[in-house]
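Have a look at the structure below, then the notes.
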Amino acid sequence: MIEQLSEDTFKYYLSSLPVDIPLAELVRLAHQRWAIEQGYQQSKEEPGFDHFEGCSWRGLHHHLTLCFLAFCLLTKLRSSKKTTLAA
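Just add 1 to the spot in the sequence shown (first one is 1) and you have our numbering.
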């Protein structure tokens, strides 16, 4: 898929989705990429998903579980703060 941003600027997308996917759905999914990348970046920086330096599966599992819970809590707090400010 090729998206024309301006007269001389284009964005190119590759997809492995089935060929019968409607174009509107393909565009919607392509534009979700930024939000997914932002979430991935935040999950590495804020709760420390990428800080594990152990070598056991159990340690990794515990670390990721706590990081995931912290990330969910941060997301919930941000969401409720935005709702409170909007009211």
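Positions of the beta carbon are idealized from the N, C-alpha and C atoms, including for glycine. Just so it is clear, the structure is predicted and the values come from calculations on it, not from any experiment.
- Nearest Cα to A31 within the set L15, D9 and G40: L15.
- For I3, the beta-bridge partners assigned by DSSP are Y13.
- When the Cα atoms are used, L70 and L24 turn out to be separated by approximately 36 Å.
- Per the Cβ contact rule, the segment 5 to 20 is not in contact with the segment 39 to 54 (fewer than 3 Cβ pairs under 8 Å).
- Contact check for P48 against C73 fails: the beta carbons are separated by 7 Å or more.
- The three-state reading of DSSP puts L75 in helix, counting H, G and I together.
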